[in-house]
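Trainee: Numbered according to this note's numbering, the sequence shown spans residues 50 to 507. Ideal placement from N, C-alpha and C gives every residue a C-beta, glycine not left out.
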Amino acid sequence: LGLVRLKCDATDMAIQAFSESIQQDNRCWPAWECLSSLVDGFYVVKIEKEVYSKTWLYNLFVAETMSRLLLFVCAIEAYTDVSKYLGASPYILCQIATAQSELQEHDGAISSFQKIRKSDPYRIEQMHFYSDSLYIRQNFTELALLAKWFFVSHKFNWETCCIVANYYSAKNIHEQAQEFLKRSIMLCPKNASLWVLLGHEYLETKNHQAATSSYKKATLIDKNCYRAWYGLGQLHEIMKQPSNALFYYKKAHKCRPDDSRMLIALGVMFSKLDRKSDAEKCFKKAFQIGDVEGNALIHLAKLYEDQNDKRNAAKAYEAYLTLYTEELVGDLSLIATSCRFLASYYLEQANLDTSYDYAQRCLDYDISKEEGYRILQLIKSKRKETQDKLAKGSYSSTPQTQCNSSTNYRTPSDAPRPIGGGDDSIQTPFTERKEVNLDVNDDDMNTNSDDDDLEITF
């Protein structure tokens, strides 16, 4: 009854039917599963928790709901709780690995999927997410083996078509990838992610009209499909329509408010629309919530460069080089760009040692090698100029020093005279010393030498 009402677009009545089914028998998992697909927020979960929280089926229902609402961190926690009841179930492990893939934790997702493949090599469910992670991490050898395995064992499954499409896309054979994605959509037409992948492939072949149609089809199937909104934003950005791109990026950000990629895309559009302050806020927030690849700091540094704020740009580049190593960065040109800017910046600041270090790092990358050699030559010439000036200064000061030092020698003409005597005789041990009252008020004794007014500074 609930499914019939759902097909008739009577959503509220369908929810009522599924709830009544659960009340009669809370072990009816199909009712839980259908109900999770209709939940729009936490309030439904809270209502159900008061009655059914004692059964593990409710925990699984919460996990499925969180996953559908794109709350993947909460979903992982809920699936972990369910695993306490069911043990290391392949289904639970697959769902956790899928959530990790959605959170861009691709290394962890690949590790989880590999464990699943060892225990159940013929499991096809969720394996298209495994292929996505392999594609993003550019592990094309493992992706080829995965596609070959399932093409033999599960040739007519939509997941297999999706995996093979990823394989052809990795080899830049986009027309063949489109054909396999079309087959996959024929087998599973209500899957929004397949339409998104097809839109990506159309975008690669610059078929913008077909890409727009595919992305919009995905949004009609699932209005919370952030990938579709993000794809539409990318499409309009390529077509140099920043205002339209900003609109779609805002839609994507609404679906995934804690995703750094959405914030970076917003920041780039704000920058193109000359809204520098908003762009800076987006880049900073993207970095704060967690930017895996470090693109937020790079865009922030370039924003400061455009504003001629070299000091803050240098801080952003230094933070990028400190936090992100070559193992974490997919595009090494970002590291080269950072080193090149910092080498030039510290050269302008006359900090030759720091500039030398960054210039040496520039030599490790092709795009910055020439600039690195140029800066090293400038550093060498500046150091030589400094050494020449020091040598010239020390040479010119030598005769004067010798002249001044000659005054320190005592001659008969500057030998000690009697302190208070009126006679001009030389004071010797054999002459009688006169008593003198050393009064500071005495005008004869209150004579200041030239050395009394010298101030020594360091």
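Would a C-beta distance cut-off of 7 Å place His155 and Ile185 closer than the cut-off?
Mentor: yes
Trainee: What is the DSSP secondary structure of Cys57, counted as helix, strand or coil?
Mentor: coil
Trainee: Using only CA atoms, which one of Val122, Leu120, Ala127 lies nearest to Asn108?
Mentor: Comparing Cα positions, the closest option is Ala127.
Trainee: Taking Cβ positions, are Leu142 and Ile165 nearer each other than 7 Å?
Mentor: In this structure, Ile165 lies closer than 7 Å to Leu142 by Cβ.
Trainee: Just verifying my parser: in three-state terms, what is the DSSP assignment at Tyr405?
Mentor: helix
Trainee: Give the list of continuous alpha helix (DSSP H) stretches no shorter than 4 residues that lie fully inside the region 284-326.
Mentor: 291-304, 309-321
Trainee: Output the boundary residues of the alpha helix (DSSP H) element that contains Gly157.
Mentor: Element bounds for Gly157: 155-168.
Trainee: Please state whether the Cβ-Cβ distance between Asn382 and Ala392 is less than 7 Å.
Mentor: Reading the sequence as shown, one finds Ser at residue 382 and not Asn. Going by C-beta atoms, Ser382 is not nearer than 7 Å to Ala392.
Trainee: Round the Cβ separation of Ala294 and Met311 to the nearest angstrom and send it over; I've been treating them as touching at under 8 Å.
Mentor: Not a contact, Cβ separation roughly 12 Å.
Trainee: Does the Cβ of Pro291 have 16 or more other Cβ atoms within 10 Å, making it buried, or fewer, making it exposed?
Mentor: Classification of Pro291: buried, given that the 10 Å Cβ count is 16 or more.
Trainee: Excluding sequence positions up to five away, which residues of its chain have a Cβ less than 8 Å from the Cβ of Lys333?
Mentor: Ala345, Leu349
Trainee: Alpha carbon to alpha carbon, how far is Arg324 from Tyr264?
Mentor: 28 Å
Trainee: Which whole-angstrom value describes the C-beta separation of Gln149 and Ser168, a residue pair presumed to lie in contact below a C-beta threshold of 8 Å?
Mentor: Actually they are not in contact, since the Cβ atoms of Gln149 and Ser168 sit about 17 Å apart, beyond 8 Å.
Trainee: Determine the direct distance from the alpha carbon of Lys418 to that of Pro306, and round the result to whole angstroms.
Mentor: 39 Å
Trainee: If you follow the alpha helix (DSSP H) that Glu250 is part of, which residue opens it and which one closes it?
Mentor: 241-253
Trainee: Which of the three DSSP states, helix, strand or coil, is assigned to Gln426?
Mentor: helix
Trainee: Output yes if chain D places a C-beta closer than 7 Å to the C-beta of Arg310; else output no.
Mentor: Among the chains of the structure shown, chain D does not appear; only one protein chain is present.
Trainee: Nearest by alpha-carbon distance to Ile424: which of Tyr395, Trp278, Tyr414 is it?
Mentor: Tyr395
Trainee: Assign Tyr216 to one of two classes, buried (16 or more other C-beta atoms within 10 Å of its C-beta) or exposed (fewer than that).
Mentor: buried
Trainee: Skipping 5 residues on each side, what residues in its chain have a beta carbon closer than 7 Å to that of Lys429?
Mentor: Within the same chain, no Cβ atom closer than 7 Å to the Cβ of Lys429 is found once the five residues on either side in sequence are excluded.
Trainee: Where does Gln72 sit, in a helix, a strand or coil, going by DSSP?
Mentor: When secondary structure is reduced to three states using DSSP, Gln72 falls in the helix class.
Trainee: For Glu286, count neighbouring C-beta atoms within 10 Å of its own C-beta (all shown protein chains included) and say buried if the count is 16 or more, exposed if not.
Mentor: buried
Trainee: Which residues bound the alpha helix (DSSP H) around His203?
Mentor: Here His203 belongs to no alpha helix (DSSP H), and DSSP marks it neither H nor E.
Trainee: What's the C-alpha gap between Phe390 and Lys231?
Mentor: 46 Å
Trainee: CB-CB under 7 Å to Ala193, same chain, minus the five flanking residues each way: which ones, in chain order?
Mentor: Tyr216
Trainee: Would you call the region 271-287 and the region 218-228 in contact, with 3 or more CB pairs under 8 Å?
Mentor: no
Trainee: Just how far apart, CA to CA, sit Ile145 and Leu106?
Mentor: Distance between the alpha carbons of Ile145 and Leu106: 17 Å.
Trainee: Ala260 and Leu284: beta carbons closer than 7 Å?
Mentor: yes
Trainee: One question on the structure: do Leu2 and Tyr298 come within less than 7 Å of each other, judged by their Cβ atoms?
Mentor: Only positions 50 to 507 of the chain appear in the structure, and residue 2 is not among them; the question remains open.
Trainee: Measuring only the C-alpha atoms, how far is Glu250 from Glu342?
Mentor: The alpha-carbon atoms of Glu250 and Glu342 are separated by roughly 23 Å.
Trainee: Could you check if Ser387 is buried or exposed, using at least 16 other CB atoms within 10 Å of its CB as the buried criterion?
Mentor: buried
Trainee: Does the beta-carbon of Val53 have 16 or more other beta-carbons within 10 angstroms, so that it is buried, or is it exposed?
Mentor: exposed
Trainee: Using C-beta distances below 7 Å, list every residue in its chain close to Glu420, excluding the 5 sequence neighbours before and after it, in chain order.
Mentor: Arg389, Cys411
Trainee: May I have the straight-line CA-CA distance separating Thr147 from Ser182, to the nearest angstrom?
Mentor: 10 Å
Trainee: Whose C-alpha, out of Gln227, Pro238, Asn240, Ala59, is nearest the C-alpha of Ile247?
Mentor: It should be noted that the sequence gives Leu, not Ile, for residue 247. The shortest Cα separation from Leu247 among Gln227, Pro238, Asn240, Ala59 belongs to Gln227.
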